[in-house]
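Let me begin by presenting the structure, written as structure tokens, before commenting on it.
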Amino acid sequence: MTKDLKEILFPHDKIRNIQDVMLSDINNTIKDKKNMIIHAPTGIGKTVSVLAPALSYAMDNDLAVFFLTSRQTQHKIAVDTLKQIKKKYSNNFDAADIIGKRWMCLQGVEGLNAGDFIDYCKKLRDNDNCEFYTNTRKKSMRPTVLAESKLNELKVLGPMHVEDLMDDCKKPKLCPYEMVSFLAKGAKVIIADYNIVFNPSVRDSLFARINKQLENSIIIIDEGHNLPARARELLTAKLSTFIIDRAIKEANKFEFYNIIPILKILKDIFNELGFDLNFNKEEKFVRKYEFVEKIKEQQNYDEIITELGFVGDLIKEKQKQSYVGSIGKFLEAWLNQDNGFARILKKDFSNNNLILNYRCLDPSLITRDVVERSYSTIIMSGTLTPTSMYKDILGFPDAVEKVYDNPFPKDNRLSLIVPETTTKFTRRNNDEFIKIAEVCNKIVNKIPGNAALFFPSYNLRDNVYKKFYNICDRKMIIEKQNLNKEEKEKILDDFKRNKDDGAVLLAVSTGNFGEGIDLPGDFLKGVVIVGLPLERPDLETKELIDYYQEKFGKGFDYGYIFPAITKCLQNAGRCIRSETDKGVIVFLDERFAWQNYLRCIPLDMGFKISKMYEERVERFFNDGKR
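Note that the working numbering numbers the sequence shown so that position 412 is 413, with each residue one more than the last.
Below you can see the structure in the form of structure tokens.
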């Protein structure tokens, strides 16, 4: 270990292979006030490798560290890492684990959207109608005696996972968000969702409360492959005829009859714009001023925004949310810039619903500001390839790019591309479904334990399952859509219990189990990625490709191919979770062998193209030969 690394608060006795290089690289990047993009496969120990040098430097230089992740499991890993550091070095630092204010509320507000919750929460506070808030914070904004006592207790127990903090707040009826805000004010490390830093209004409000500045913060973005989509969503707005209908009912309920004609005008305009949409043409572009001018023909656009906002506020004095108010916010957002956005009207024929979208195409519109202003920003993932793409689309122009090798023994992994079938849309038919089922069955039968099959869509999965069911003798576990936490855990427990006999999980690439689950050891012995989870070539996808082509000259790669390969790699990553794990990864689709897709797969994965897959899988598990 170098002299610099000896000064780092590393909690473990042994530094893993490659981890020493990563620690040094991150340490130097932060010291130099630079930004960094890291592709680091599972097993290196990314969380500790970035938190240890970041915390060490922050403590010596009066900075704060924001560890941002989109998954609760990663929150826990970060908290546990900080606990280990604190225990080993007896350092006196505080940490705070934060999730969205709405999700920390103990008032039963799960059904509210973010905007309505903010308004509802403010109304309760302003009227002294929230017992949790008044028990926690005085009029002077300082903590109450009760809150102060609990804070001292939490500081001794901490770092603490947010769910544990919320449980601790229930009995004394303290507001978890206000409590964690007090903790965050003096914290060196804050663990949070992307939204805390990348949503400007949320960031400005929170940073002011906890006395933090972006310029004095080290920003760590975990699972960074998710950031582009999340950032785009923050700048996206949509309105549907369903929402307009709900708003009309809402206006009738509370006797705001004067705005009902306005709402009916909006619905008529939607129907007029969508009159030519049918099963052959489900969507169309709508120009900004095409929509605005149709409204202006009958009403003053700005006055409508004001009126709907005013009525929405009055309604929210009587209930938690307002559909009327949300329409006003959409009309306001619709006036924003064209560059980097797509305006698309879609028709959902299942419920005859028209949806007008103002979709963000460019995540850098929201990420660039953070990257430029922060002391140092580090983004990392096990599937952040190519790093140059993320450098481009997120606005990291001068970032240090690092790609680290897989630390696990190569002999423990068999990676095959089997070009025997395809899920290409034009080739989807009964014969192809049978063929996919047969190949999957042959592979599964050679895997001595649990296997998972990942499909591009539920529809394709279900078509193959009908054929697979008749030929596979193993227990099959089917992923359903929109599982809650308990249902997801139940499926995983069932899957794990069958590890000796071997079960088959039939899941979807972008579903509940495609990433973020940990099945080490004997819980998962093989993964088959059936086909490419390419985005549907709808207008938004085409616009994204065109936008990236014009901006970077790599539209097809950035907007279509690389995102699909990233999903495949995430699925593949559910297998081989430790240096002792042994497993098979199969990419099943002839297109994986095509050069324009093959070049996108990291070389360190060691994929081989083979039609002798049965023999190779059997040999791999029997004598270890690849």
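A virtual CB, placed ideally from N, CA and C, is assigned to each residue, including glycine. Note that the structure is a prediction, hence the values are computed from the model and not measured.
Residue burial classification, residue i (beta-carbon count within 10 angstroms, cutoff 16)
i	result
Lys4	With a pLDDT of 43 at Lys4, under the threshold of 50, the modelled position of that residue is not reliable, and the figure given next carries that caveat. Lys4 is exposed by the Cβ-count criterion.
Glu256	exposed
Arg578	buried
Asp33	exposed
Thr581	exposed
Arg428	exposed
Lys171	exposed
Asn18	exposed
Tyr90	exposed
Glu616	exposed
Gly600	The sequence as given places Arg at residue 600; Gly does not occur at that position. So Arg600 ends up on the exposed side.
Asn353	exposed
Leu1	This structure does not reach residue 1, given that the chain is present from 2 up to 627, and the question cannot be answered.
Leu166	buried
Asp117	buried
Met37	buried
Pro398	exposed
Pick from the options that is closest to residue i, judged by C-alpha positions
i	options	result
Pro603	Leu506, Asp406 and Ser510	Asp406
Arg204	Leu69, Lys489, Arg428 and Ile39	Leu69
Ile379	Ile19, Asn29, Asp14 and Pro12	Asn29
Leu125	Val80, Lys321 and Trp104	Lys321
Met60	Gly341, Arg138, Leu274 and Gly187	Gly187
Gln300	Phe409, Glu234 and Pro262	Pro262
Ile394	Leu175, Arg103, Phe133 and Lys555	Lys555
Gln482	Leu507, Glu421, Lys467 and Pro177	Leu507
Leu454	Asn431, Glu480 and Asp432	Glu480
Thr423	Phe593, Tyr121 and Ser375	Phe593
Tyr302	Val287, Leu336, Asp314 and Lys319	Leu336
Cys106	Tyr359, Glu164, Thr242 and Pro410	Glu164
Arg374	Asn217, Val505, Leu56 and Lys447	Asn217
Lys123	Glu111, Asp523, Ser25 and Arg103	Arg103
Gly44	Leu56, Lys411 and Tyr614	Lys411
Tyr195	Tyr359, Gly313, Ile435 and Phe67	Phe67
Tyr459	Arg475, Leu520, Ile86 and Pro534	Pro534
Val528	Lys447, Ala55 and Glu294	Lys447
Asn212	Ile191, Phe563 and Ser50	Ile191
Asp590	Lys139, Arg247, Glu421 and Gln596	Glu421
8 Å Cβ shell around residue i - same chain, five flanking residues per side excluded
i	result
Leu484	Ile492 and Asn513
Phe350	Phe280 and Glu283
Met2	Reliability fails at Met2, whose pLDDT of 46 lies under 50, so the model's placement of it is uncertain and the value that follows must be treated cautiously. Closer than 8 Å at Cβ, skipping near neighbours: Ile16 and Asp21.
Phe208	Gln214 and Leu215
Lys77	His162
Ser611	Leu417, Ile418, Val419 and Arg617
Glu234	Cys361
Ile518	Leu493 and Arg575
Cutoff 7 Å; reference residue i; Cβ partners in own chain excluding five residues on either side
i	result
Ala232	Phe199, Pro364, Ile367 and Thr368
Glu544	Ala343 and Leu362
Asn442	Phe469, Ile472 and Cys473
Glu224	Thr70, Ser71, Arg72, Gln75 and Ser382
Glu251	Ile316, Ser323, Tyr324 and Val325
Asn227	Ser71
Leu240	Ile328, Phe331 and Leu357
Phe553	Asp393 and Tyr559
Asp339	Lys289
In DSSP terms, what residue i is bridged to
i	result
Pro144	Arg138
Gly329	BP columns for Gly329 are empty, so no partner.
Asn358	Lys239 and Ile345
Gly584	Arg414
Ser579	Partner(s): none; Ser579 has no beta bridge.
Lys476	Ala504
Glu402	Ile38
Ala452	Val505 and Gly527
Same chain, Cβ closer than 6 Å to residue i, five either side skipped, listed in chain order
i	result
Glu333	Ile306
Ala53	Ile9, Leu10 and Phe11
Lys174	Glu132, Phe133 and Asn136
Pro160	Val80, Leu83, Lys84 and Ala96
Phe456	Arg462, Val509 and Val531
Report task. Could you name each continuous alpha helix (DSSP H) segment of 4 residues or more that falls completely within the stretch 42-113, going from the start of the chain to the end? Result -> Secondary structure within the stretch 42-113: the alpha helix (DSSP H) runs of 4 or more consecutive residues, fully enclosed, are 47-62, 73-90 and 102-105 (chain order).
Report task. Please specify which runs of the beta strand (DSSP E), each continuous and at least 3 residues long, are wholly inside the stretch 281-347, giving them in chain order. Result -> Here the runs fully enclosed are 284-286.
**Report entry** Residue ranges of each beta strand (DSSP E) within the stretch 411-438, 3 or longer
**Finding:** The stretch 411-438 is shown to contain whole beta strand (DSSP E) runs of 3 or more residues at 414-419, in chain order.
Query raised in the report: Counting only runs that start and end within the stretch 482-530, where is the alpha helix (DSSP H) found for 4 or more residues in a row?
Result: The stretch 482-530 is shown to contain whole alpha helix (DSSP H) runs of 4 or more residues at 486-498, in chain order.
Report task. Run through the stretch 523-572 for me and flag every whole alpha helix (DSSP H) of 4 or more residues, listed as ranges in chain order. Result -> You should have 540-553.
Requested in this report: Scan the stretch 125-199 and note each continuous beta strand (DSSP E) run of 3 residues or more that stays entirely inside, going in chain order.
Outcome: As far as the stretch 125-199 is concerned, its whole beta strand (DSSP E) runs of at least 3 residues are 188-193.
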